[in-house]
Amino acid sequence: MRFLIDECLHESLIGVARGAGFEATHVNHLGLSGKPDWELAARIVKDEFTFVTNNRIDFMRLFRKMELHAGLIIIVPNVVPTAQRAMFQAAISYLGGKELINSAIEVSLEGNAVKCVEYPLPRS
Numbered sequence: 003m004r005f006l007i008d009e010c011l012h013e014s015l016i017g018v019a020r021g022a023g024f025e026a027t028h029v030n031h032l033g034l035s036g037k038p039d040w041e042l043a044a045r046i047v048k049d050e051f052t053f054v055t056n057n058r059i060d061f062m063r064l065f066r067k068m069e070l071h072a073g074l075i076i077i078v079p080n081v082v083p084t085a086q087r088a089m090f091q092a093a094i095s096y097l098g099g100k101e102l103i104n105s106a107i108e109v110s111l112e113g114n115a116v117k118c119v120e121y122p123l124p125r126s
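So the number in our numbering is just where the residue sits in the sequence shown, counting from 1, plus 2.
Printed below as a string of structure tokens:
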């Protein structure tokens, strides 16, 4: 699994993924910051990235239109980098190494606990 971290999330999430044994990069490192979402989505599919974002509405809409994608991880609340790292780590642990093909995981907070909810993301 290869992760691409969106520009709305902290670059330190790369270290979380790599620490868990995965390849990861950030939108900023690929020169894609500021690009329109549809252009970013094309790159995500082309390079078979599992995309990690905080931009739920726009990317849910885009991913629903894709015939095949490597998955979407949505960190729901807009939180500080420390919390982003903890939530992303929880998502990686939740996955347990399995692929997210045509699926999404929403990561949220319930009190002090992190909650991961996985669901299929079919074409609309």
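Heads up, the beta-carbon is just placed ideally off N, CA and C, and yes, glycines get one too.
Counting only runs that start and end inside the stretch 32 to 99, the beta strand (DSSP E) elements of at least 3 residues fall at 52 to 55 and 74 to 77.
Within the same chain, 83 and 87 come within 7 Å of residue 14 by CB-CB distance, once the 5 residues on both sides are set aside. According to the DSSP secondary-structure assignment, residue 13 is paired through a beta bridge with no residue.
Using a 10 angstroms sphere on the CB of residue 31, the tally of other CB atoms stays under 16, which defines it as exposed.
About 6 Å separates the beta carbons of residue 102 and residue 52, which is inside the 8 Å limit, making them a contact pair.
Partner residues in a beta bridge of residue 123, as assigned by DSSP, do not exist.
Judged by DSSP secondary structure, residue 26 falls within the beta strand (DSSP E) whose first and last residues are 25 to 28.
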